[in-house]
Each structure stands twice: as C-alpha cells, then as structure tokens.
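Remember, this note's numbering sits 37 above the position in the sequence shown when you count from 1. All C-beta atoms, glycine included, are put in the ideal place defined by N, C-alpha and C. One structure is given below, encoded as structure tokens.
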Amino acid sequence: MNNIKRIAVFTSGGDAPGMNAAVRAVVRTAIYHDLHVYGIIGGYDGMIKGNIKRLEIGDVANIIQRGGTMLKTARSSEFMTIEGRKQAYENLVANDIDACVAIGGNGTYKGADVFGKEFDFPMVGIPGTIDNDIYGTDYTIGFDTAINTAIEAVDKIRDTADSHNRLFFVEVMGRHSGFIALHTGIGSGAGGIFIPEVNNSIEDLIHDLRKASRRQKLFNLIIVAEGNQNGDATTIAQRVKESNPEYDVRVTIIGHLQRGGSPTAMDRVLASRMGHSAVLTVLRGDGGVALGVINDKIIVTPFEDAVNKTKHLNKELLKMAEVLAM
Ligand code: F6P
C-alpha cells in the first residue's frame, strides 16, 4: 500500500456509453477503500479551470444505465500546452489529489502520458471510446453499444432497401479505424464493407454488385467507415451511380446516434470491471498505465505503448466478412 488518500476521476474526448458505469465503479471502489474521491468536470479543461468536486456514493446512484457522461467531457487544446498542464497540476495539488483515473481514448491517453511524466503524477487510464482503436485491450467501453446501435439502424434500413430494391451506403464512425464498420457489416449481413485498413476498390465493388444483381439480388447494403480511403459514403455512392445509373442509390449517415444511448450489458460489465481495477491499480502504486481486457482478463499496458502501438483488426474476421458478403 502507498500513501494515496484522494483520487480524482474524469472523462475526456468523445463520450462513450458506459463511461458513467466506469465513473460509478471508480467512486464506489475508492470509497470502499477509504479514499476520498473527486470528479473533475469537463475533462482536461475542467482540470485547468479547477472544476473539481467531491463525489459521494449517492452522486453515482442511478447512472449505470445512462449514456453520455455525468462528468461532462471535452477535447482540450489548452492541455496540449505546458502552461495549461502546469495550471492543471497546481489545481490538483491545491485539492490534495494524489492520483487520477482518466477515462477516454487516444487523445486522453496522450495527455495522461505527458502529464504523468512531466509532474511525476500517477495517472491510470480506462479505455472509453466507441472506436475500439486502443492498443492493449480487446474492447473499449462504448464499442459494443455503438455497434448494437449501428446494427439496429442497418436492420431498419434493410427493410426499406428490400421493399424498394435499393442500394444503400451506410456511413458509420470510427475515425481512422474500421472496427465499428467491420463489426457492423458482419452483424448486419452487409454486402460490402469499406474500412481504412484495407485499400477497397470501388471498381471491385461495382463488379460484385453486378454479379449480385445477375443472381437476382435486388437490394444491397454497403457499410462505409468514415475514415476509409475512398471518401465519404456520399462520394462512393455517387461514383457507383455514375457507372450504374440504373441503380436506385441512397445514403444514410448514422453519425452521433452511435455515441448515445443506454450502454449494453457488455459495456456496463466491462466499465464496472475497469473502474474497479483502476482504483486497485492506483492503490498498488502503479501509475502511467492503461487498463485493458485481453482474453477476458484485466491487464495493464504502459501509456507509452497504448498511445504508440497500433491495434490491428482481426484478419480472420476480415477474410470471413468477405466470404459472407458474396
Ligand atoms: O472518437 C469517437 C468519435 O465518435 C469518432 O468515431 C468520430 O470520428 C469523432 O469522435 C467525432 O467527433 P466529434 O463528436 O467531436 O464530432
């Protein structure tokens, strides 16, 4: 055991369903271990502004089922400056905070890594992002909810696509990664998936669509990751329409719907496990690490690896998606 008496928790970057469940687990585990626990409101911006408040058990009641984050969130450009980080550090010291739990994605981890090293301050990360693009964990909090939301949307689009014999391009989020698109595509039985990690060709897609229509497949669904190499869903749809004017083409961008909503059971359990482990990690005296789940075991990875190493898509899933999309 070390001398940790007060910890703070915050959420940062894009919100993700399950962040509240993680905050709840941090707060309750900390109190169980006789720590005082504080919430920083608005991520790194709140740290710079000193927007820090004590949290008690009751403050995190009735939030496990809620999407968004009760602690608010932001993407802070000021925290990228040494002046901003110095101000943030002074505010933590003024509140006698001994360690922080940071819940967020890649940008959050980068900030935590730099800050932790600069001020020799214990920071522990919890991966909260719908993108699932964090090295050192099989799943990030929010990913499962986001793909369930996306699949539900695509199921609905399928009904109308089928009725009208239309070709739909459905754009999903994921920033520079294709995890959301790949899982949504497999789970919704899409006819094609465009992702950043693969150099998909529009010509190949057109060829496959023609083959499908020859065997009387009259409607189709193509999932497009926002970060894919061919442009957004509208651009790809236009190029397909130009070479096949007979296709009745439509585009749907699911957008921020994927970021909201009540977290799935999987995200709630994962967030609870990670929030709980984050406090135990702090109590063990480990700082500068991010939590992850690998083969259903909670593990830690140094921030340096989590931010610099790339998490790769499962190649077998990719291959399988191609086979099933025929
Ligand atoms: O990182 C989560 C994410 O939803 C990405 O998938 C997307 O590219 C981005 O955030 C959108 O950011 P914002 O909400 O700032 O528009």
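Under 6 Å Cβ to Cβ from V138, same chain only, skipping five residues before and after it: list those, please.
Excluding positions up to five away in sequence, the list reads V46, V63, V161 and A315.
Taking 9 Å as the threshold (C-beta atoms), are G50 and T118 in contact?
Not closer than 9 Å, so no.
Between the segment 229 to 240 and the segment 289 to 298, do three or more beta carbon pairs fall short of 8 Å?
Too few Cβ pairs lie closer than 8 Å, so no.
If you drop the 5 nearest sequence neighbours on each side, which residues of the same chain put their C-beta closer than 7 Å to that of R287?
So the qualifying residues of the chain are R203 and F205.
Taking a contact to mean a Cβ-Cβ separation below 9 Å, would you say I100 touches I89 in this structure?
No, the pair does not count as a contact, with Cβ atoms beyond the cut-off.
Might you give, ordered along the chain, the residues of its own chain that have their beta carbon closer than 6 Å to the beta carbon of R103, omitting 5 neighbours on each side?
For R103, where only same-chain residues beyond five positions count, the Cβ hits under 6 Å are N57.
Applying the criterion that 16 or more other CB atoms from any shown protein chain within 10 Å of the CB defines a buried residue, is M311 buried or exposed?
Buried, since its Cβ has 16 or more Cβ neighbours within 10 Å.
Alpha carbons only, please: which of H349, D71, S225 and D175 is nearest the one belonging to P164?
The shortest C-alpha separation from P164 is found at D175.
Using 8 Å as the cut-off, can you tell me whether the segment 234 to 241 makes contact with the segment 256 to 274, which would need three or more C-beta pairs spanning the two stretches below that distance?
Touching, yes, given that three or more Cβ pairs across the two stretches are closer than 8 Å.
Which stretch, first to last residue, makes up the beta strand (DSSP E) that contains E208?
Where E208 is concerned, the enclosing beta strand (DSSP E) stretches over L204 to V209.
On the DSSP bridge assignment, give the partners of T48 in chain order.
DSSP, once it has assigned bridges, lists I140 as partnering T48.
Among K42, A302 and G83, which one has its Cα closest to the Cα of I68?
For I68, the nearest C-alpha among the options comes from K42.
Compare the Cα-Cα distances from V344 to each of G148, K86, P282 and S214 and report the closest residue.
Nearest of G148, K86, P282 and S214 to V344, Cα basis: G148.
I'd like to know whether the C-beta atoms of I291 and G173 end up nearer to each other than 9 Å.
Contact: no.
Answer yes or no: the CB of H220 versus the heavy atoms of the ligand F6P, is any distance below 8 Å?
No, the beta carbon of H220 sits no closer than 8 Å to any heavy atom of the ligand F6P.
Is H244 buried or exposed, if buried means 16 or more other CB atoms sit within 10 Å of its CB?
H244 should be labelled exposed.
Does the distance between the C-beta of M210 and the nearest non-hydrogen atom of the ligand F6P fall short of 8 Å?
Answer for M210: yes, Cβ within range of the ligand F6P.
In this structure, how does DSSP classify L108 when only helix, strand and coil are distinguished?
In the structure shown, L108 sits in coil (DSSP, three-state: anything other than H, G, I, E or B).
When burial is assigned at 16 or more other CB atoms within 10 Å of the CB, is I331 buried or exposed?
Exposed, because fewer than 16 other Cβ atoms sit within 10 Å of the Cβ of I331.
At a cut-off of 8 Å, would you count Q275 as near the ligand F6P, judging by its Cβ distance to the nearest heavy atom?
No, Cβ of Q275 sits at least 8 Å from all heavy atoms of the ligand F6P.
Is G179 closer than 9 Å to D342 when the C-beta atoms are compared?
Against a cut-off of 9 Å, the Cβ pair of G179 and D342 comes out as no contact.
Please go through the same chain and pick out, in chain order, the residues whose beta-carbon is closer than 8 Å to the beta-carbon of H349, but skip the five residues on each side of it.
Taken in chain order, the residues that qualify are E234.
If you pair each beta-carbon of the segment 217 to 228 with each one of the segment 350 to 361, do three or more pairs fall below 8 Å?
Yes, the segment 217 to 228 is in contact with the segment 350 to 361.
Could you check if E263 belongs to the surroundings of the ligand F6P, using beta carbon to heavy atom distance under 8 Å?
Indeed, a heavy atom of the ligand F6P lies less than 8 Å from the Cβ.
Go to G229, then tell me how far its alpha helix (DSSP H) extends in each direction, as first and last residue.
Where G229 is concerned, there is no enclosing alpha helix (DSSP H), although the beta strand (DSSP E) it sits in stretches over G229 to F231.
Is any heavy atom in the ligand F6P found nearer than 8 Å to the beta carbon of T145?
No, Cβ of T145 sits at least 8 Å from all heavy atoms of the ligand F6P.
Just to confirm my understanding: we take I94, look at its own chain, exclude 5 residues before and 5 after, and list those with CB closer than 8 Å. What are they?
Within the same chain, I94 has close Cβ partners V64, R65 and I68.
I'd like the span of the alpha helix (DSSP H) that includes Y69, first residue to last.
Counting along the chain, the alpha helix (DSSP H) containing Y69 begins and ends at M56 to Y69.
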